[in-house]
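Undergrad: What follows is a structure written as structure tokens; I'll ask about it next.
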Amino acid sequence: MGHSTSFSWQRFVALVVKEFTQMQRDRLTFAMMVGIPLMQLMLFGFAINSDPKHLPTAVLLADQGPQARSLVQAIRNSGYYDIVGTVTTQFEADALLDRGEVQFVIHIPADFSRRLWRGEKASVLVEADATDPGATGSAVSTLRALASSALSHDARGPLGGLITPPPRLDLLVHARYNPEAITQFNIVPGLMGVVLTMTMVMITSLAITRERERGTMENLLSMPVRPLEVMTGKIIPYILVGFIQVSLILIASHVIFHVPMAGSLALLYVVTSLFIATNLAVGITFSTVAQNQLQAVQMSFFFFLPSLLLSGFMFPFRGMPVWAQAIGEVFPLTHFLRAVRGIMLKGNGIGVVAGHLWPVAGFMVVVLLIGIKRYRQTLD
Amino acid sequence: MSEPLAIDVSGMTKRFGNRTVVDSIDLQVRTGEIFGFLGPNGSGKTTFIRMLCGLLRADGGSGTCLGFDVIGESEQIKRNVGYMTQRFSFYEDLSIRENLDFVARIYGILNRKAAVDASLEKLGLASRGRQLAGQLSGGWKQRLALAACLIHQPRLLLLDEPTAGVDPKARRDFWEQIHELASEGLTVLITTHYMDEAERCHRLGYLAYGQLLAYGTVSEVIRTVGLTTWTVKGPRLAELAGRLRKEPAVAHVAAFGEALHVSGTDAAALEKALSAHRTEAYVWSQVETSLEDVFIHLMGEARDNFS
């Protein structure tokens, strides 16, 4: 009997087998878990757009002439762009875009002012992170009008007489990661996180409250099982279900929407495992608080809705007010979305993705601590 | 008392908020004994049982259950106890065999398949092992629950109202099995509302509002309470009952079919009080006090004490 306090593999297996059998019996729940991803995939194929402003922008300013500076000033004043820094090399520009620290990099070439001066055609290159086309669309379209008005105003200055024809400007937009601005490219990877959040949290929070509500928890507690065995025994089967959901979405997104897979599939699954585990931890913690299944569902939605709305899935994250962004940063879904889009569309490697993972891991640790503290081995 | 005690606890107390549900109960149950727990709903029977098997943390009290410390060694107690809950608490969406198999795995039973097969055979359900537990009738669910509680060969069986909602035939079979198990050395603690079941127990405890009011064999319990009981037959018993209840010497009046049972604690005073009601229409006779009279009396008295 000395081993009674340690984790028992045998009891754990007993619980896993039981969960799988019950899952198999509960056809409706199982159908939901498979059906929800597919249903949402179809529904959210239609995008939701909005008009985000104050998008972080870096400027690669190779020209120090007055026209170049007034263009930058006009861009800054437009409200659509927040110029967060200047870079000097393409390499730096790429890094900022890859990490998602800026939405745009505006290149003003060295001969910009000189060409305008001569009445020649000058060009500006805008590199946009178009993973979420909704976030970049309106900013890019204002840029064109903005630039010509800023420069003609400039031309009316003391040197105005020197430039006879209106300035000719060539605005090149380079939509990175999602060149055709296909909304599905953004929605579909995001959907993976949404579906996982919804089903994993709800199903696990139900799994334990159901035991309590049906009275089987009393029986389970009267047997020599450890809390850790009950928890892991419940979690493992659902992690597998989570992988089925992710695989379904990935296959559908590839076959139906032709979403590219720029990064590593293995890395995607690693990130997903952490995310699934986090959501399960949330579900289990809810189940230690909820009195019945209805409350468990209510609490799941209480968690799910803000996650969905503030994560950048529904609306471009940068289009939200600062306070909403701050709340959004707390939710694991927000970081998971960035990681998934980064892997699938930008081809981000582990180095960049790790930056999105620690907030998720931190959230999981906090939630698990609450859950373990609240888990009652007695009926008190 | 030469035989070892299966349960030996004292001062067991449980409070929910400021309500004391089990109030300092002392209890000794001998090994191989069938001990019956009686008492109205909410009297603390279930809470007491839950404390014994570690499902609830006791707020006070100490003692041993199967030789293990009742407060600190609940893991060991759980291994040696079979607890059958009031409500069917196995998985209705698992089949009979799957339920038994699950329990067998949890207890780490060697040669699991053989144990499950033997259990199904004994239940008489060998051919229906694949049926879902949720589809069973009340009586069969109870048999399944008992079989599941026995699969790890416990030394103590805690049965919480096991026969509620079960037909008389199944109840009799059930009790026969309980007696057989007890004769093999298993100790049984059982709660019930049925008097006939109470009389089948070796010893009884009567619990009301968290306190153990009477305790011992059937005749001991009847003797301790010290009631004198009369029966009366005749017309319009309800009216008579109303008049009798006003007599201070009458402790309680209860209708039993076509007769009334009238009991009191002071035999002389009772007889004197009854003489006023001895008219020709009624047939009076003194009878032996039954267990039921005692319990009705205890229940009424307890309510008086706590109201």
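Residue numbers (this note's numbering), protein chains in the order written: chain A, 1152 to 1531; chain B, 6 to 312.
Backbone N, C-alpha and C fix where the C-beta goes; we use that ideal spot for every residue, glycine too.
Since I believe B/Val121 is in contact with B/Leu162 (beta carbons under 8 Å), could you give me their beta-carbon distance rounded to a whole number of angstroms?
TA: About 19 Å separates the two Cβ atoms, so there is no contact after all.
Undergrad: Can you give the Cα-Cα distance for B/Arg35 and A/Val1518, rounded to whole angstroms?
TA: About 47 Å.
Undergrad: Please confirm whether B/Asp172 and B/Gly139 have their CB atoms less than 7 Å apart.
TA: It is not a contact, given that the beta carbons lie outside the stated cut-off.
Undergrad: Do the stretch 1453–1462 of chain A and the stretch 1474–1484 of chain A touch if we need at least three Cβ pairs shorter than 8 Å?
TA: Touching, yes, given that three or more Cβ pairs across the two stretches are closer than 8 Å.
Undergrad: When the Cα atoms are used, what is the spatial distance from A/Glu1271 to A/Ile1226?
TA: Cα-Cα distance, rounded: 22 Å.
Undergrad: As a quick exercise: from B/Leu279, B/Leu151 and B/Asn46, pick the residue whose alpha carbon is nearest that of B/Arg250.
TA: Answer by Cα proximity: B/Leu279.
Undergrad: Counting pairs of Cβ atoms below 8 Å between the stretch 236–251 of chain B and the stretch 50–59 of chain B, do you hit three or more?
TA: The answer is no - the stretch 50–59 of chain B does not touch the stretch 236–251 of chain B, with fewer than three Cβ pairs under 8 Å.
Undergrad: Would you mind sorting B/Lys277 into buried or exposed? The rule is 16 or more other CB atoms within 10 Å of its CB.
TA: It is exposed - the Cβ of B/Lys277 has fewer than 16 other Cβ atoms within 10 Å.
Undergrad: Can you list the residues of chain A that B/Asp98 reaches, using a CB-CB cut of under 7 Å?
TA: Result: Gln1173, Arg1176 and Asp1177.
Undergrad: List the residues of chain B whose Cβ lies closer than 7 Å to the Cβ of A/Leu1372, in chain order.
TA: Neighbours of A/Leu1372 on chain B, chain order: Leu60.
Undergrad: Which residue comes first and which comes last in the beta strand (DSSP E) that contains B/Lys238?
TA: Here the beta strand (DSSP E) through B/Lys238 covers Thr233 to Lys238.
Undergrad: Smallest Cα separation from A/Tyr1328: which of A/Ser1462, A/Thr1282, A/Val1291 and A/Ser1264?
TA: Closest option to A/Tyr1328, Cα to Cα, is A/Thr1282.
Undergrad: Residue range of the beta strand (DSSP E) that A/Phe1163 falls in?
TA: Careful: A/Phe1163 lies outside any beta strand (DSSP E), inside the alpha helix (DSSP H) at Trp1160 to Arg1176.
Undergrad: Do you know offhand how far B/Glu244's Cα is from B/Val27's?
TA: Roughly 39 Å separates the two Cα atoms.
Undergrad: Using the three-state DSSP reduction, which class does B/Pro173 fall into: helix, strand or coil?
TA: The answer is helix: DSSP assigns B/Pro173 an H, G or I state.
Undergrad: Checking contacts by CB at 7 Å: is B/Arg20 closer than that to chain A?
TA: For B/Arg20, the answer is no, since every Cβ of chain A falls outside 7 Å of its Cβ.
Undergrad: Compile a chain-ordered list of the residues in the stretch 107–125 of chain B whose CB is closer than 9 Å to at least one CB of chain A.
TA: The residues in question are Phe107, Val108, Ala109, Arg110, Ile111, Tyr112 and Gly113.
Undergrad: Closer than 7 Å between beta carbons: that is the criterion. Which residues of the stretch 1355–1372 of chain A meet it against chain B?
TA: Against chain B - using a Cβ distance shorter than 7 Å - the residues of the stretch 1355–1372 of chain A are Gly1366, Thr1367, Glu1369, Asn1370 and Leu1372.
Undergrad: Taking 8 Å as the cut-off, does the stretch 38–45 of chain B touch the stretch 191–205 of chain B (at least 3 CB pairs, one atom from each stretch)?
TA: Yes: at least three Cβ pairs fall under 8 Å.
Undergrad: Can you say whether A/Asp1280 is buried or exposed, counting buried as having 16 or more other CB atoms within 10 angstroms of its CB?
TA: Per the 10 Å Cβ criterion, buried.
Undergrad: So, at 7 Å on beta carbons, what are the nonlocal neighbours of A/Ile1387 in its own chain, with the 5 sequence-adjacent residues on each side left out?
TA: So the qualifying residues of the chain are Val1167.
Undergrad: Assign A/Thr1208 to one of three DSSP states: helix, strand, or coil.
TA: Here A/Thr1208 sits in strand by DSSP.
Undergrad: Need the endpoints of the beta strand (DSSP E) that B/Thr196 sits in, please.
TA: Thr192 to Thr196 is the extent of the beta strand (DSSP E) around B/Thr196.
Undergrad: Near A/Ile1314, what residues of its chain come up, given a Cβ to Cβ distance below 8 Å and the 5 sequence neighbours on each side ignored?
TA: Confidence is the limiting factor: at A/Ile1314 the pLDDT is only 49, short of 50, which leaves the residue's position unreliable, though a coordinate-based value still follows. Leu1267, Trp1268, Gly1270 and Ala1306, listed in sequence order.
Undergrad: Leaving aside the five residues before and after B/Ile227 along the sequence, list all residues of the same chain whose C-beta is less than 6 Å from its C-beta, in chain order.
TA: Thr294 and Val299, listed in sequence order.
Undergrad: Mind checking if A/Pro1510 is an interface residue toward chain B, Cβ cutoff 7 Å exclusive?
TA: Not one chain B Cβ lies under 7 Å of A/Pro1510.
Undergrad: Give the residues of chain A in contact with B/Ser94, contact being defined as C-beta atoms less than 7 Å apart.
TA: Going along chain A in sequence order, the residues near B/Ser94 (Cβ under 7 Å) are Gly1366, Thr1367, Glu1369 and Asn1370.
Undergrad: First and last residue of the alpha helix (DSSP H) that includes A/Met1368?
TA: Note, A/Met1368: alpha helix (DSSP H), Thr1367 to Leu1372.
Undergrad: Which residues mark the beginning and the end of the beta strand (DSSP E) in which A/Gln1396 is found?
TA: That residue, A/Gln1396, is in no beta strand (DSSP E); its alpha helix (DSSP H) goes Pro1378 to Val1406.
Undergrad: With C-beta atoms as the reference, is B/Ala123 less than 7 Å away from B/Arg117?
TA: No. Outside cutoff.
Undergrad: Our contact map puts B/Arg148 next to B/Ser100 with C-beta atoms below 8 Å; I'd like the distance itself, whole angstroms only.
TA: Contact doesn't hold; Cβ gap of about 15 Å is too wide.
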